[in-house]
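The sequence shown begins at 1 in this note's numbering and counts up by one.
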Amino acid sequence: MKRLAEQKFVNSRLVKKVPFHCEVIKIDGESVYTPRYAEIVARMFELRIQGKGAPSIAKILNEEFDAPKKLRKGEFSQHFVLRVLKDRATTGVLVMRDNTEVADYFPAAISDATYLQANDRKPFMTGVVTAKAGTTNVIKGTTRCNECHNGVIVKTSKSKFRYLKCVKSSHGCMVQRSLQYSKVLLPILDSLLDVHWITKALKDIKRSKERIDYHEKQVVKLNQILQKASNLTVIENLVERIEQHDVYITFFRTIESGNHETILDGLNVGTKSGRATLNLILNITFKKIIVDFSSEQITLVTKIDNHTQKRPASINDIRHANVWELQGLSSLLLKDDVEVSATKLRQLLTPPTQTK
1 MKRLAEQKFV NSRLVKKVPF HCEVIKIDGE SVYTPRYAEI VARMFELRIQ GKGAPSIAKI
61 LNEEFDAPKK LRKGEFSQHF VLRVLKDRAT TGVLVMRDNT EVADYFPAAI SDATYLQAND
121 RKPFMTGVVT AKAGTTNVIK GTTRCNECHN GVIVKTSKSK FRYLKCVKSS HGCMVQRSLQ
181 YSKVLLPILD SLLDVHWITK ALKDIKRSKE RIDYHEKQVV KLNQILQKAS NLTVIENLVE
241 RIEQHDVYIT FFRTIESGNH ETILDGLNVG TKSGRATLNL ILNITFKKII VDFSSEQITL
301 VTKIDNHTQK RPASINDIRH ANVWELQGLS SLLLKDDVEV SATKLRQLLT PPTQTK
């Protein structure tokens, strides 16, 4: 018998790795997940809620439990603790590659409320530099350098514009060039609104209805937790997660209605929440976006059916006028979050040709 995720999302790639707290056993010839190490995970979250840091938690776990042999070096480490504390599978949730969540896929080791409470404490200092929420890099997560396949970052320069470059351009990548951010972002948004290929790839009414139903149930569930929450940080986290589910619901309803070209209407990317929403929309839509800095070409691949489109990194062939009308667009493309009108922005990005 196929698992729920395989039945509902047959075209999506699953995360096959078994969560730490589970193991797979055979019952009547069928593979079944069992929560073998749920007690260890529950203790880990308990210690985190008490305010313990990752090194302290690892030390206590090593004192109280015999570490499973499957762990590296046969002991609990702070890196292992960090990974498990961030893993939604501890609540029984399977997170698909398109960020769709399947509830009750695994046996839960802790409740949603416990997960939120533990992860709403002061963040761990892991030594890993990550982009801040609300960053101007709204294409992070899906966009890669064609040469080395690492991610891309948005940088400022002496000019008034922001630029895109490979994150490894100074650390081993052969490509040293950068591209004006507008030449990459605007074609991506233009393709996002192009119903001639995006809707064909994404419009699956049955699948959309299933996903809408799932996310609506998650909103109800989170609202129930929200009603009982008293900690301000927990409340803010719950509200943010509810807003994310609302983005999914709006997205799939738009696909269902056949009005995909309106997906950006009303969005303001001059705000933190607007930028986060745009990043989420792009991550829902695209499996990968490859930027070839040398040839100035962009390759876009949708998550469903791997529909592929190639186009130049250029603002000269933007087909959808509402790309330019996106609220707050200039604050993404111009240095220091400068806000200008759509007309002024076009003039800045496409200066008049000089005559000899």
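The C-beta atom is built at its ideal place from N, Cα and C for all residues, glycine as well.
query: Could you tell me which uninterrupted beta strand (DSSP E) segments, each at least 3 residues in length, are contained entirely in the segment 132-210, listed from first to last along the chain?; result: 143-145, 152-156 and 162-166
query: In its own chain, which residues sit with a C-beta less than 7 Å from the C-beta of Ala42, not counting the 5 before and 5 after it?; result: Ala109 and Ile110
query: Quick check: Ile139 and Leu185, are their CB atoms within less than 8 Å of each other?; result: yes
query: Less than 8 Å between the beta carbons of Leu282 and Arg162, yes or no?; result: no
query: Taking the C-alpha atoms as reference points, what is the distance between Phe20 and Gly92?; result: 12 Å
query: From the DSSP output, in three-state form, read off Asp292 for me.; result: strand
query: Nearest by alpha-carbon distance to Glu358: which of Leu300, Ile304, Phe293 and Ile318 is it?; result: Nothing in the structure corresponds to residue 358, since the chain is present only between 1 and 356.
query: Given this structure, state the Cα-to-Cα distance separating Ser159 from Val301, to the nearest angstrom.; result: 32 Å
query: Sort out for me which residues DSSP pairs Asn268 with in a bridge.; result: Gln327
query: Following the continuous beta strand (DSSP E) through Arg311, name the residue where it begins and the one where it ends.; result: Thr308 to Pro312
query: May I ask which residues mark the beginning and end of the alpha helix (DSSP H) holding Ser56?; result: Ala54 to Glu64
query: Give me the Cβ distance between Thr142 and Phe286, rounded to the nearest whole Å; I'm assuming they're in contact under 8 Å.; result: 5 Å
query: Using a Cβ-Cβ cutoff of less than 7 Å, which residues in the same chain neighbour Gly403 once the five nearest sequence positions on both sides are dropped?; result: Given that the chain is displayed from residue 1 to residue 356, the structure contains no residue 403 and the question cannot be resolved.
query: Between the C-alpha atoms of Glu339 and Phe76, what's the straight-line distance to the nearest angstrom?; result: 50 Å
query: Excluding the 5 residues preceding and the 5 following Ser157 in the sequence, name in chain order all residues of the same chain whose CB lies nearer than 7 Å to its CB.; result: Tyr163
query: Considering just the uninterrupted stretch of the alpha helix (DSSP H) at Ile304, what are its terminal residues?; result: Careful: Ile304 lies outside any alpha helix (DSSP H) and carries neither H nor E.
query: Specify the secondary structure class of Phe286 as computed by DSSP and reduced to three states.; result: strand
query: Have a look at Ile27 and Lys155 and give me their C-alpha separation to the nearest angstrom.; result: 55 Å
query: In this structure, how does DSSP classify Thr91 when only helix, strand and coil are distinguished?; result: helix
query: Three-state secondary structure (DSSP) at Gln297?; result: strand
query: Alpha carbons only, please: which of Asp336, Lys52 and Val323 is nearest the one belonging to Arg346?; result: Val323
query: Restricting to Cα atoms, I'd like to know which of Lys228, Gln224, Tyr214 and Gly270 is closest to Thr250.; result: Tyr214
query: For the beta strand (DSSP E) containing Lys26, list its first residue and its last residue.; result: Glu23 to Ile27
query: Taking 8 Å as the threshold (C-beta atoms), are Lys310 and Gln297 in contact?; result: yes
query: DSSP three-state call for Leu349: helix, strand or coil?; result: helix
query: What residue does the beta strand (DSSP E) around Val32 start on, and which one ends it?; result: Glu30 to Thr34
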